[in-house]
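Novice: Handing you this structure, nothing more for now.
In full-length UniProt numbering, the protein residues as written are 1 to 586.
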């Protein structure tokens, strides 16, 4: 409305009348007019208005009342505000979240109408074993349907065995390993491994539990150390130690980079003193390069023959594990025992939502150093990229339907916006969500009904009406996904063909959908196993048809007058003679 009043006012330069308010274009009222508002005064009023920058709420795990092993070392104040220049288009507010008040704190920020939050910058890093806020913050953000940076809740703390399985399927090298639990024979489980080996936590964080004794040179040392480790953590991951250099590399999504993934310059880990050649807890937290710059990790030489392998390993691991959402730091080792000095790059793990945005005066963390080494990006570009990606992912995942009630007081699902064929009902195209279809029968009317439940979030459930010409269906890709199969307009009721549910408990019922393709009676179908059928060419199909025709003729002739000829007798037995084969070929 203000723009319309301003547009009317700029058509004339006549001075305002006596008593007329100079704020008429901004606050229209029936007590004055803006017909003679001068252009210079309007532009001056608009230019003097304060510009409100969108608010970004930074969420950080609180160490208050915590017994975490990193409490005595992780004392720095982490926030993106350390690295943004003056005039940055966003403003940041800092919020420490504890594990017990994670839901209430997120609820307070999400429902704040006086200063609404544009996006949440997620820096929480509490593990499952810790008493610090972690994945529960992400679940609360999903519940209140707010955009946030970082990984998806299911990828917040991935299991190391799961990571190895995923990257192995995309061609990334992993060292042989063994997963050992309580009461299992360590010698038997690790008999296939070559020494030296290293003992880790399968779901560890911040190098917790990794000491100088974690590297074992023989089976006796492994049994002694692994037994103590399992007593403390209930589980252990033993993998072959890759002799060579160890490094890490930061990865994030970037549509302009190769494969939509940006890989920052990797760095090589420095182990002062030479007592250890791997990243332990003491090396990570007690190696302070803010006082001694010589301890600062150095960038990997771009001319090194292994450099392309590192970049490709990080790109594939990021896509396989984090599915192109958020950012992470990929740890790797280079096997120097290979001939020629090039070696092979072995994936160790990926750290989703890795430590970042430490004060520049403290030297930053590994991820901060890699952003600093990048020639094209800085921290401001990285922060803007994460916020933009989070808002776009949230926009694509918004629901385009709502539960409703029809005229007969039956639950239905109506579209709140248009949807094109292939658009998923749950999730988005980048993050497909599996669906569970359940058939429910009304005890009074004995008529079936269908509900669709999102498999990874049971709170999302919708009711679907039957139609012989449905507008949604099940797409069998990597998972059973519910998608639109026709163009859906705003206000349309979502429907599915109950005959495709393959639920043998569904009773047969008379259909009254009114579609031209109506089958009148809908019957249940039994579950069907997806299998591969070899395609039959036209030539093969004609040959088989000719053979069947010859056999039928021979059988008919044998039934009338007996098998008069050997060829007829053979045809009656289903055997082919030379003339029969020639006829089939013709």
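Even for Gly, the Cβ is constructed at its ideal location relative to N, Cα and C.
1. Going by Cα to Cα distance, which pick from 211, 224, 235, 173 is closest to residue 201?
2. Alpha carbon to alpha carbon, what distance is there between residue 244 and residue 173?
3. Using 8 Å as the cut-off, can you tell me whether the stretch 388-399 makes contact with the stretch 143-158, which would need three or more C-beta pairs spanning the two stretches below that distance?
4. List, from N- to C-terminal side, the beta strand (DSSP E) runs of 3 residues or more that fit wholly inside the stretch 393-430.
5. What distance in whole Å lies between the Cβ atoms of residue 155 and residue 348, which are believed to be in contact at a cut-off of 8 Å?
6. By how many angstroms is the C-alpha of residue 346 removed from the C-alpha of residue 279?
7. Leaving out the 5 sequence neighbours to the left and right, which residues in its chain are closer than 6 Å to residue 373 when beta-carbon positions are compared?
8. Check each candidate in 527, 228, 198, 180 and name the one with the smallest Cα separation from residue 218.
9. Could you tell me which whole alpha helix (DSSP H) segments of length 4 or greater appear in the stretch 127-195?
10. Given this structure, state the Cα-to-Cα distance separating residue 91 from residue 120, to the nearest angstrom.
11. Is residue 515 near residue 469, with beta carbons less than 8 Å apart?
12. By alpha-carbon positions, which one of 511, 191, 487 ends up nearest to residue 608?
13. If distances are taken between C-alpha atoms only, which option among 446, 435, 216, 448 comes closest to residue 476?
14. Mind checking whether residue 472 and residue 484 have CB atoms under 8 Å apart?
15. How would you write the range of the beta strand (DSSP E) that residue 461 sits in, first residue to last?
16. Using a Cβ-Cβ cut-off of 6 Å (strictly less than) and excluding sequence neighbours within five positions of residue 501, which residues of its own chain qualify?
17. With a threshold of 6 Å on Cβ separation, who are the neighbours of residue 262 within its own chain once the five nearest residues in sequence on each side are excluded?
18. For the 8 Å Cβ check, are there 3 or more pairs between the stretch 83-99 and the stretch 50-66?
19. Mapping DSSP to helix, strand and coil, what is residue 364?
20. Write down the C-beta distance between residue 260 and residue 324 rounded to the nearest angstrom, noting that I regard them as a contact closer than 8 Å.
21. Could you please give me the residues that DSSP links to residue 344 through a beta bridge?
22. According to DSSP, simplified to helix, strand and coil, what is residue 103?
23. Would DSSP call residue 113 helix, strand or coil?
24. According to DSSP, simplified to helix, strand and coil, what is residue 120?
25. For a minimum of 3 consecutive residues, which ranges assigned as the beta strand (DSSP E) are wholly contained in the stretch 432-503?
26. From residue 238 to residue 313, what does the alpha carbon distance come to, in whole angstroms?
27. Run through the stretch 200-283 for me and flag every whole alpha helix (DSSP H) of 4 or more residues, listed as ranges in chain order.
28. So residue 321 is in the alpha helix (DSSP H); what residue range does that whole segment cover?
29. If we ignore side chains and look at the alpha-carbon of each, how far apart do residue 443 and residue 449 end up?
30. Under 8 Å by Cβ, that's how I've got residue 383 and residue 80 pegged, so tell me the actual separation to the nearest angstrom.
31. Among 125, 141, 140, which residue has its Cα nearest to the Cα of residue 652?
32. Tell me residue 327's beta-bridge partners as DSSP assigns them.
33. Among 428, 467, 493, which one has its Cα closest to the Cα of residue 517?
34. How do the stretch 412-423 and the stretch 478-494 stand: do at least 3 beta-carbon pairs fall below 8 Å, yes or no?
35. Are the beta-carbon atoms belonging to residue 97 and residue 137 less than 8 Å from one another?
Specialist: Checking against the coordinates, here is how it stands:
1. 235
2. 15 Å
3. yes
4. As for any beta strand (DSSP E) of minimum length 3 sitting wholly inside the stretch 393-430, the runs are 401-405, 411-415, ordered along the chain.
5. Going by Cβ atoms, the distance from residue 348 to residue 155 rounds to 17 Å, so no, they are not a contact pair.
6. 15 Å
7. 265, 299
8. Between residue 218 and the set 527, 228, 198, 180, the nearest pair of CA atoms involves 198.
9. 135-143, 160-168, 186-189
10. 12 Å
11. Contact: yes.
12. No statement about residue 608 is possible, as the shown extent of the chain runs from 1 to 586 and does not include it.
13. Comparing Cα positions, the closest option is 435.
14. yes
15. In the DSSP assignment, residue 461 falls within the beta strand (DSSP E) that extends over 461-466.
16. 437, 439
17. Counting only Cβ-Cβ distances below 6 Å, and skipping sequence neighbours, we find 252, 254.
18. yes
19. coil
20. 6 Å
21. 335
22. helix
23. coil
24. strand
25. Within the stretch 432-503, the complete beta strand (DSSP E) runs of at least 3 residues are 435-441, 448-454, 461-466, 472-476, 480-484.
26. C-alpha separation (whole angstroms): 22 Å.
27. If one requires a minimum length of 4 residues, the alpha helix (DSSP H) runs lying completely within the stretch 200-283 are 219-233, in chain order.
28. Looking at the DSSP string, the run of the alpha helix (DSSP H) that includes residue 321 is 307-321.
29. About 11 Å.
30. 5 Å
31. Here the chain covers residues 1 to 586 and nothing more, so residue 652 does not appear.
32. When DSSP reads this structure, residue 327 sits in a beta bridge with 252.
33. 467
34. Two segments are said to touch when three or more pairs of C-beta atoms, one from each, lie closer than 8 Å; by this definition the stretch 412-423 touches the stretch 478-494.
35. A contact, by the Cβ cut-off of 8 Å.
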